[in-house]
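*Asks:* In our numbering, the protein residues as written are 1 to 291.
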């Protein structure tokens, strides 16, 4: 099958299903991923691809699967900032939001969400039942992507070899093992705002916010304006946020830079202990949008 033209949902399910089940030669997987990345993925393709991942996911046995939220970015913004969405998830959970955080180790940065949480003492090897218990009893749990999406092993070597953003960077944040009602998604390019938002509608998210900082961050930024597309009960609206409107001072990218897991964990503890400053401001801005 040629991939220069958009695929229907059924075509995407068939192609990606074969890849996940190990029935596709590596050279065809490479062609599929590079062609989609070059032309841009549609909302229909993204939603269908997420459905395939969900069909292969390890279930999360929640006692109460209602009103769940996640904060996650596509990554790839190349800015090397702190783990904003992960800290925002913790703050939102402390404010009473039921959060199922979905994430992985670093790909393009030095510290991914899993690296940070591991440095803070979170057990990445927790079973699905243990994660579900954390969500049910504490209002926060972390789903380590490799544990819940074992079928992704089929494409891991090829993704690493290609060294480009692929559809998997986009559908990873959308493929949370839990049935989300609310979602804050950061994207690394303006052109991704609407297709990702439209995919959230197709996937049944009740209220979502897809954001992109005009400084390049895949977060609600505090250094510049943030473009967004909001999803609410199947309808889309777009707009812009600025730090002043969110009640926080403007920062510089230098003030938001992260480093390795040990460094980011130290900053995380300072933020969670109430230390004011640029790191706390951007975390508060994102947590506020999640809440």
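Heads up, the beta-carbon is just placed ideally off N, CA and C, and yes, glycines get one too.
With C-beta atoms as the reference, is residue 175 less than 7 Å away from residue 22?
*Replies:* Not in contact: residue 175 and residue 22 (Cβ atoms no closer than 7 Å).
*Asks:* Is it right to say residue 64 is buried, meaning 16 or more other beta carbons lie within 10 angstroms of its own, or is it exposed?
*Replies:* Under this definition residue 64 is an exposed residue.
*Asks:* Of the choices 57, 243, 218 and 262, whose alpha-carbon is the least far from that of residue 284?
*Replies:* Comparing Cα-Cα distances from residue 284 to each of 57, 243, 218 and 262, the minimum goes to 243.
*Asks:* So what's residue 130 in DSSP terms, helix, strand or just coil?
*Replies:* Residue 130: helix per DSSP, three-state reduction.
*Asks:* Is the beta carbon of residue 289 sitting closer than 7 Å to the one on residue 210?
*Replies:* No, the Cβ-Cβ distance between residue 289 and residue 210 is not below 7 Å.
*Asks:* Taking Cβ to Cβ, would you say residue 265 is nearer than 7 Å to residue 138?
*Replies:* Going by C-beta atoms, residue 265 is not nearer than 7 Å to residue 138.
*Asks:* Using a Cβ-Cβ cutoff of less than 6 Å, which residues in the same chain neighbour residue 240 once the five nearest sequence positions on both sides are dropped?
*Replies:* Here the set comprises 225 and 227.
*Asks:* Residue 183: buried (16+ other C-beta within 10 angstroms of its C-beta) or exposed?
*Replies:* Looking at its Cβ environment, which holds 16 or more other Cβ atoms inside 10 Å, residue 183 is buried.
*Asks:* Could you check how far apart the C-beta atoms of residue 69 and residue 99 are, in whole angstroms? I think they sit under 8 Å.
*Replies:* Residue 69 to residue 99, Cβ: 5 Å. Contact.
*Asks:* How many angstroms separate the CA atom of residue 105 from the CA atom of residue 124?
*Replies:* Going from the Cα of residue 105 to the Cα of residue 124 covers about 10 Å.
*Asks:* Once DSSP output is grouped into helix, strand and coil, what is the label at residue 244?
*Replies:* DSSP places residue 244 in helix when its eight states are reduced to three.
*Asks:* Within its chain, find whatever has a CB closer than 7 Å to the CB of residue 159; leave out the 5 residues flanking it on each side and keep chain order.
*Replies:* Once the five neighbours on either side are set aside, the close Cβ partners of residue 159 are 166 and 168.
*Asks:* Which one of 30, 186, 249 and 233 has the shortest CA to CA distance from residue 162?
*Replies:* The option with the nearest alpha carbon to residue 162 is 30.
*Asks:* Counting pairs of beta carbons, one from the region 192-205 and one from the region 36-52, are three or more of them closer than 8 Å?
*Replies:* Yes: the two stretches touch, three or more of their Cβ pairs being nearer than 8 Å.
*Asks:* For residue 207 versus residue 193, is the C-beta distance shorter than 7 Å?
*Replies:* No, the Cβ-Cβ distance between residue 207 and residue 193 is not below 7 Å.
*Asks:* Can the beta-carbon of residue 87 be found closer than 7 Å to that of residue 258?
*Replies:* Their beta carbons are not under 7 Å apart, which means residue 87 does not touch residue 258 by this criterion.
*Asks:* Give me whichever residues DSSP pairs with residue 143 in a beta bridge.
*Replies:* Partner(s): 102.
*Asks:* Please return the same chain residues whose Cβ sits closer than 8 Å to the Cβ of residue 92, not counting the five positions on each side in sequence.
*Replies:* So the qualifying residues of the chain are 69, 71, 99, 287, 290 and 291.
*Asks:* Cutting at 6 Å between CB atoms, please list the residues of its own chain near residue 230, excluding the five before and the five after it.
*Replies:* Counting only Cβ-Cβ distances below 6 Å, and skipping sequence neighbours, we find 209 and 237.
*Asks:* Between which two residues does the alpha helix (DSSP H) holding residue 226 run?
*Replies:* Where residue 226 is concerned, there is no enclosing alpha helix (DSSP H), although the beta strand (DSSP E) it sits in stretches over 226-232.
*Asks:* Leaving out five residues on either side along the sequence, give the residues of the same chain with a beta carbon under 7 Å from the beta carbon of residue 84.
*Replies:* Result list for residue 84: 219, 282, 283 and 286, in chain order.
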